[in-house]
Amino acid sequence: MLKRDERDKISTNSEEIIAFLGKGTEFKGVITYDGTVRIDGKVEGEVITKGTLVV
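Going letter by letter, the sequence shown gives residues 77 to 131 in the numbering used here.
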């Protein structure tokens, strides 16, 4: 498992993160997007994308 500072250094192919779910955030439902999204919280449901998901 990566430490917090190591995860922050992971490349996202230089794409701008368009949305962020922070630690402690919980989401239930469907997320649909294009681009790059970072999730540090909890998602229960579906993530539909042609983009990049950073977990």
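Yeah, the Cβ is synthetic: ideal placement off N, Cα and C, and Gly gets one too. Here the structure is a predicted model, which is why all the values come from computation and not from measurement.
Can you give the Cα-Cα distance for residue i and residue j, rounded to whole angstroms?
i	j	result
Glu91	Gly98	18 Å
Thr125	Glu102	19 Å
Gly28	Gly100	Within the shown structure, residues of the chain are numbered from 77 to 131, placing residue 28 beyond reach of any answer.
Thr128	Asp110	8 Å
Ile93	Lys104	21 Å
Under 8 Å by Cβ, that's how I've got residue i and residue j pegged, so tell me the actual separation to the nearest angstrom.
i	j	result
Val106	Glu122	5 Å
Val130	Thr112	7 Å
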